[in-house]
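Engineer: The listed protein sequences derive, respectively, from chains A and B. Residue numbers for the first sequence follow our numbering, so the first one is 2 and each next one is one higher. Residue numbers for the second sequence follow our numbering, so the first one is -5 and each next one is one higher. Built from N, CA and C at the ideal position, the CB exists for glycine as well. All values reported here derive from a predicted model rather than from experimental measurement. Take this structure, written in structure tokens, and hold onto it; I'll ask about it next.
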Amino acid sequence: MRKILIMGMLSAMLAACSGPGSSSSSSSSSSSSSSTGKTSSSSSNSSSSSSSSSSSSGKTSSSSSSSSSSSSNSSSTSTSGGFSGDATRGKATFASKCSRCHKDDNGDGYFGAGGTSGDSGIGVIDPDKLGSPSDYPAYDGRAVTQLASFIKTSMGPLANCDAQCAQDAAAFIWSLKDGQEGPGAAVASCSNPSAIHYGKRVLHVLTSYEYHNSLGKLFALPLPNDYSLPGKVGLDTEVARLPNHSIEAVNESRLNKYYDNASEIASWAISTRGALPFACDDAVQCSTDFINNFAYVAYRRALTSVEQAEITSIFAGAPTLEDGLKWALRTVLMSPNFLYRSELGTKVADLLKNPVVSQGTKYEFQGTPKTFSTLSIQRYNRISVTVTSNPGYQWTGKDLIAITVKGVKSPKNNWPVLTIGTGFDNAGVLKRLTIDHTSYRTYYITIDKVPNGPVYFLNDASFANNDYEMPPIEISTISFGVLGQSKPVQDDVAKLMAADQTAYVLDPYEYAAALSFALTGSAPSKSLLDAAVAGELVDVTKREAHVDALIDSALGKAHVERLAGKWFRTDALSEKTRNDAEFTPEVRQSMMQEIREIYKHVFYNGDFPSMYAGDFTFLDSTLSTFYKLPGGGNTPGSFRLVSTANSQRGGVIASGAYMAYNAHMDYSSPIQRSAHFRQDVLCQSIPLPVNLEDSQEREAAAQLVKSRVEAGDITTTDFYDIQTNIPGSSCATCHNAIINPLFGMDDFDHVGRLRPRVNNKVVQDGLTFVNGVAVPKGKANLDITQVNNGSYLYAYNIVGTLSGSKADAAKAAGDGLKFNGAKDLGKVIVQNDLPGISACLIEKSTRYALGYSLDKAFLDPVENGRYGISNGQAAEFACIKKELSSAYARAKSPRDVVKAAVMSDTFRFRK
Amino acid sequence: MNDSKKLPQPTDKIAEAQRKDIQKSRRKFLDLVAKSGIGSATLKYSSLLGGVMTARYASAADAPKRVVYLYIHSGAPEDWRPSSASAITTNQSSYHYGPGSYNVAPICHFRGVDTEVSGHGGARQALGGDYSRNTVDADLGAILGPRSYYSSIYLGSNASDSGTGAGVIISSAGQPEDDPRRALTRYFGAVPETGKDDTYLLSFDAQKRALENIKAKLSTDEYTRVQTHLTAIGKIESRIADLANASAPDLNACKPTLPGTYDDTTNAAMVAHAKLQADILVAAFKCDLTRVGVLQIGNHNGSGWTYRGFDGHSAAHSGGASVWNPMMRDKFEVPAYFIKKLMDTTDSTGQPLINSTAFVQVTCFGNGLSHASTNAPFLLATKMPSFKPGFSSKGTASTSRDFHAEVAKGLGVDPKGLKLGGATGGDVGLV
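Written out as structure tokens, the structure reads:
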């Protein structure tokens, strides 16, 4: 739904709008150069020559009318019938003469009125629904000439718009057709930027990557297998081509794999000394440690009393301790609390009423405790506390011990173990702590009945590999007192009070988990959970420090890299083979990593556009050799920044991986290169091919191609152009102005090598039949005209749905950006600061981090109903998009965009 | 059914397992009917109850009912639908169904239906679904095999080559397993160790409670996600219980043998690869591990295999009929092989599997070259008495959803209980 033209009352409104400004404005410029200097060419074939002149900003402008193909549909501003409207001129004309009444404030190509649909005009124009038979029976808006005539007759006298002005304005309006009636997706605007805005409540199932990483956080040793592999966990479901389980169910197939993994991991953990982060010697102690040190991290929160009881009963009910541990492990690893990552939140009012309590983390004494300081416990020695000892304490049966300790590793590389228990021997263990820190840390132990004997603190070297060289454990303070109340986290009460009380908010645990998954693709560490529950995410400075730490962590960097491989599809290159002996698996692996390295570079160093326009890449020794470009790392897999200022390489498009991925076995795929460029770089959605009719023209084109292949004198680009850009056919809907004009980026071969240059022209060997298969073994050194003469990017300013008619109109109007080769295309889009560049970064970054899009224009078909974007959400998202755009504008840094996304209220508050 | 005498007989364990399954299902069904107070006559003639209750307990019938869906990408050339079972020529794309090859056409109903989405607009219409509706296999698993070890088994051959989104993965039941060895390990591997006691019950109870807690935070329209998970938990739980039972199937008796190596990078290799997956599905039926199978061969955007210098996707669109037609002809060997395998393999009753199995060939659009939605090649092959016998062939304006509605009827399932958008069968004419 985009635009409408309500012609009724239009004359009256125009009269009201026509003032001195419009009446005195000059007639439209006769220059074909736009104010931004964008290329303007009316050539309808990308291979046709055109005379061009440079504008002041260095962009080319052509007024050539050497159109060699007829317009393929009615949307084209054909020169037939005396029509000579120019959309580029028309844009300027429209701005000067029509925009007082017809406004497109949000740039969606729909001119709304009265504030509805985000536009403040008083006259509605919908380029996809022109005509007003009820008011003007003879005018149905089906032809651009008719529209021009209508404008001249009905608007011209009021707006001082002559015949040429009317034709130009009509051409401009016509160029805005996109096949969707009504307001566009971008109608939502941010009306209250300073208010709290709300993201989506989401229940994610862990993706394979998240699953493996989260498992890794649970154990003290590396996992026995890679549990992200399809054989272990199945394939991830993709939404908008990124792994995304925000609407996924844990189906039988997936759960079967989780079960197998849980069984396997439990067996490994039990049989592998040191795998678990705690010792397990008796059921009570093991159960307690399991809850506090394992399940706490797995569930990413403190367990409820019911959940604790479940674990305890498993230990208690099993025939042996090992059986208990086995089923406890399986239970947690199969638990929805582990397999899902919840960003459902808690009602704001409920969290205010019942703040999260940091169980096991922060307790307080009732009254003043007895505190002793500066103690030291030698190996195998203990401190015992009774009523009369020193230190001494009168136990009440509801007591709390707070002990602040530190340790150092022994010469044998063991950390000390502090066992806290009751009684006179080593039984009655209350807690066993590995003191694996050299700075003081405080632990709390609650005592729920009067001890039968002393409470002891033992430097338990027997649990540290019987280390006879174990250094003493140093105690800063040890406090005994009556247990008070657990302290709620000091949350951001003011913000919670200001929020919609019926909305939802992530509690500190969920907040920490959401941050960790968004920035590292992994569950949070225990320390982040502890920090969150200690209130550290409330303070903006501390929160930002945690965010930075996550981004800069090893997992954070791997997570950043991974996005690039998915975004540009190049991670799939490992599965692509080509008929070329040099295109080895090692080359493919290095090419894939090259893309990841480039994105990682711009992510951490800023200047995102340099990813497309930069004179650099990252090479290891494998790629340096393959590309014949020195300067890469010394070994395979060792990547180094390499200047490509003197090469046609540079950035992610003019790269081996992009070009080799978008290719066939023996030759390139200019169609895939073009289509994926629009989809992945500019975030344009290309119409799907439907019901392609057979025709004599298609057959003739096929015969022509066949004869050319037999002659061996056809380039890959012509091979495809002739077969697809057939005037009048439905194929031309996409191939006339959307896809084929980008064939000028075909200066790389099918394995990502730069094509040879002969006499300063990019050439290739012609395609010819060998055993019935077209292969590039025909005539040598054929001129690839699309590269050498230049090609055009039409409809360059569109983000989202791209219609053939709109692109056709742009092409017919000569409104395109000229480029020569893939690298030049990257530079051209950056020089013109095309909106798709930042829109795509924001879309990919937010989808990757949040699991959903902020923009209706980018919804995947599977995201419908409750998984789509309601109008209310669109209004909320408009504000966060504005924040992200501002963040991007500061330094064009992907890191800034991601940080802005997770630091915003939208990330914590949900609806 | 004379041919059953020539076929290898099932092991006693398999027969016993299936007999117990049928008895248990019947008891549960009758218990349910008794508790509901519904008379059997009411049940028989009420479409609502018939759709819900009899369908849910369809396995209470004396013979198990199975269905397998085989998807092949890109539709078919115009000559796919033969005029008779015997008039199939060597160069015809349906050659392998004919007397010159597997000769299974005499039990095949060839149909040309409308998949409604012309070309690259989704793949799930092949199984009657779309981007939000369940595909038929996802719902039939619980109906046809409420006590099966697996509600369905979904295998593939280059199925996920171009991604795993709803646009290319035909089933809403999950993701396909594209590797035969992994599939074999998964379904015929070592029986998981369960322990010597009932501690596992505590574990599964904890999981179910956790799900209920999550459910309480979800909106009602997301309950199906939780229900899917709960059903899956129940399935594993009952499998653990059954595996401890002496009547558990002897998986080794059914387990097929795989060659040492295989690949799927060429069209010919992909055919061989898909046949291995077909063997695994047939074995799963034989061992009664499931009542619903899906095999996805390629996808409409896939390019993971090559044919005459083209990748798979380009072969369908860039090579013209001289490339595409023979590629598809070769691919259609897989369904013919699969049907023959079902004819040659017996179930627990000693009958050929084809007597209790509806083999359904599907795709997601009509003609790969033209991206048409019409005349999409769909096929039913079976000897189940509830379907029309013999050979038939016709084009119809009915939809793929209608086709699936007809198949459901033949399986004894009211299509209204499935998510077929109200399709009732049109003039597909299979029952």
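Apart from the five residues on each side of it in sequence, which residues of its chain come closer than 8 Å, Cβ to Cβ, to SER254 (chain A)?
Structural biologist: Contacts found: GLY235.
Engineer: Along chain A, in chain order, which residues have C-beta atoms closer than 9 Å to that of GLN119 (chain B)?
Structural biologist: Here the premise fails: no neighbours, minimum Cβ distance about 12 Å.
Engineer: Determine whether the Cβ of LEU205 (chain B) lies closer than 7 Å to any Cβ atom of chain A.
Structural biologist: Yes, because at least one Cβ of chain A sits closer than 7 Å to the Cβ of LEU205 (chain B).
Engineer: Should GLN201 (chain B) be flagged as near chain A, meaning a C-beta pair shorter than 7 Å?
Structural biologist: Interface residue, yes.
Engineer: How long is the line joining the alpha carbons of SER554 (chain A) and PRO525 (chain A), rounded to whole angstroms?
Structural biologist: Computed Cα separation, rounded: 12 Å.
Engineer: For a cutoff of 7 Å on Cβ pairs, would you count THR36 (chain B) as touching chain A?
Structural biologist: At THR36 (chain B) the pLDDT is 35, less than 50, meaning the model places this residue with poor confidence; the figure from the coordinates comes in the next sentence. Not an interface residue.
Engineer: Could you give the first and the last residue of the continuous alpha helix (DSSP H) run that contains GLU327 (chain B)?
Structural biologist: Taken as a continuous stretch (DSSP letters only), the alpha helix (DSSP H) holding GLU327 (chain B) covers 327 to 338.
Engineer: What residue ranges within the segment 667 to 701 of chain A form continuous alpha helix (DSSP H) runs of no fewer than 4 residues, ordered along the chain?
Structural biologist: The segment 667 to 701 of chain A contains these whole alpha helix (DSSP H) runs: 671 to 677.
Engineer: Does ASP809 (chain A) come out as helix, strand or coil in the three-state DSSP assignment?
Structural biologist: Helix, per DSSP.
Engineer: Within its chain, find whatever has a CB closer than 6 Å to the CB of SER142 (chain B); leave out the 5 residues flanking it on each side and keep chain order.
Structural biologist: Answer for SER142 (chain B): THR284 and ARG285, listed in chain order.
Engineer: Whose C-beta lies closer than 6 Å to the C-beta of GLY536 (chain A) among residues of the same chain, with five residues either side of it excluded?
Structural biologist: Within the same chain, GLY536 (chain A) has close Cβ partners VAL490 and GLN491.
Engineer: Hey, could you find the ends of the alpha helix (DSSP H) SER197 (chain B) is sitting in?
Structural biologist: Per DSSP, SER197 (chain B) belongs to the alpha helix (DSSP H) from 193 to 209.
Engineer: Looking at the C-beta of ASP215 (chain B), does it have a partner C-beta in chain A at a distance below 7 Å?
Structural biologist: True, the Cβ-Cβ gap to chain A drops below 7 Å.
Engineer: Could you tell me whether the Cβ of THR238 (chain A) comes closer than 7 Å to any Cβ of chain B?
Structural biologist: Closer than 7 Å: yes.
Engineer: Assuming SER411 (chain A) contacts GLU470 (chain A) (C-beta within less than 8 Å), just tell me the rounded distance between them.
Structural biologist: Their Cβ separation, rounded to whole angstroms, is 5 Å, which keeps SER411 (chain A) and GLU470 (chain A) in contact under 8 Å.
Engineer: Give the single residue among A:GLU211, A:LYS201, A:VAL333 and A:ARG756 whose Cα lies nearest to the Cα of LEU520 (chain A).
Structural biologist: Taking only the C-alpha atoms, the option nearest LEU520 (chain A) is A:GLU211.
Engineer: How long is the line joining the alpha carbons of GLN355 (chain B) and SER145 (chain B), rounded to whole angstroms?
Structural biologist: Their backbone Cα atoms lie some 20 Å apart in a straight line.
Engineer: For TRP568 (chain A), which residues in the same chain have their Cβ closer than 7 Å to its Cβ, ignoring the five residues on either side in sequence?
Structural biologist: Correct list, in chain order: ASP681 and LYS845.
Engineer: Just confirm the distance between the C-beta atoms of LEU219 (chain A) and ALA299 (chain A), as a whole number of angstroms; I'd bet it's less than 8 Å.
Structural biologist: That pair is a contact at about 6 Å.
Engineer: Look at the alpha carbon of ALA136 (chain B) and the alpha carbon of GLN345 (chain B), and state the distance between them as a whole number of angstroms.
Structural biologist: Taking the straight line from one Cα to the other gives about 23 Å.
Engineer: Residues in its own chain within less than 6 Å of ALA702 (chain A) by CB, not counting five upstream and five downstream?
Structural biologist: Result list for ALA702 (chain A): ILE723, GLN724 and ILE727, in chain order.
Engineer: Can you pull the chain A residues whose beta carbon is under 7 Å from the beta carbon of ARG395 (chain B), in chain order?
Structural biologist: None at all; the shortest Cβ gap to chain A is about 18 Å.
Engineer: Would you say THR222 (chain B) lies against chain A (beta-carbon separation less than 7 Å)?
Structural biologist: Yes, THR222 (chain B) counts as interfacial toward chain A.
Engineer: On the criterion of 16 or more Cβ atoms from any shown chain inside 10 Å, does PHE425 (chain A) qualify as buried, or is it exposed?
Structural biologist: By the 10 Å Cβ count, PHE425 (chain A) comes out exposed.
Engineer: Exposed or buried, what is GLN221 (chain B) when buried is set at 16 or more other beta-carbons lying within 10 Å of its beta-carbon?
Structural biologist: Its Cβ having fewer than 16 others within 10 Å, GLN221 (chain B) is exposed.
Engineer: Is there contact between the segment 258 to 276 of chain A and the segment 309 to 319 of chain A, where contact requires at least three CB pairs shorter than 8 Å?
Structural biologist: No: fewer than three Cβ pairs fall under 8 Å.
Engineer: Which residue from B:LYS202, B:ARG105, B:THR376 and B:LYS403 puts its Cα closest to that of ILE333 (chain B)?
Structural biologist: Measuring from the Cα of ILE333 (chain B), the nearest candidate turns out to be B:THR376.
Engineer: Per DSSP, PHE372 (chain B) forms a beta bridge with which residues?
Structural biologist: PHE372 (chain B) is bridged to B:ARG105.
Engineer: Does chain A have any CB closer than 7 Å to the CB of THR129 (chain B)?
Structural biologist: Chain A, which has no Cβ nearer than 7 Å to the Cβ of THR129 (chain B), makes this no.
Engineer: For SER644 (chain A), collect the residues of the same chain with a Cβ closer than 8 Å to its Cβ; drop the 5 residues on either side in sequence, then sort them by chain order.
Structural biologist: ASP616, PHE617 and GLY632, listed in sequence order.
Engineer: Are SER591 (chain A) and ASP621 (chain A) close, meaning C-beta to C-beta below 7 Å?
Structural biologist: Contact flag set, yes.
Engineer: Is it the case that the Cβ atoms of ASP747 (chain A) and LYS762 (chain A) are separated by a distance below 7 Å?
Structural biologist: Contact flag unset, no.
Engineer: Within its chain, find whatever has a CB closer than 6 Å to the CB of LYS153 (chain A); leave out the 5 residues flanking it on each side and keep chain order.
Structural biologist: Excluding residues within five positions, the ones whose Cβ falls inside 6 Å are ALA164 and ALA167.
Engineer: Can you pull the DSSP bridge partners for ILE479 (chain A)?
Structural biologist: According to DSSP, which records beta bridges pairwise, ILE479 (chain A) is partnered with A:PHE373 and A:ILE404.
Engineer: Contact criterion: CB-CB distance below 7 Å. Does THR300 (chain B) meet it with respect to chain A?
Structural biologist: THR300 (chain B) counts as touching chain A.
Engineer: Select from the segment 843 to 869 of chain A all residues with a C-beta closer than 8 Å to any C-beta belonging to chain B, and list them in chain order.
Structural biologist: Going along the segment 843 to 869 of chain A in chain order, one finds ASP861, PRO862, VAL863, ASN865, GLY866 and ARG867 with a Cβ nearer than 8 Å to chain B.
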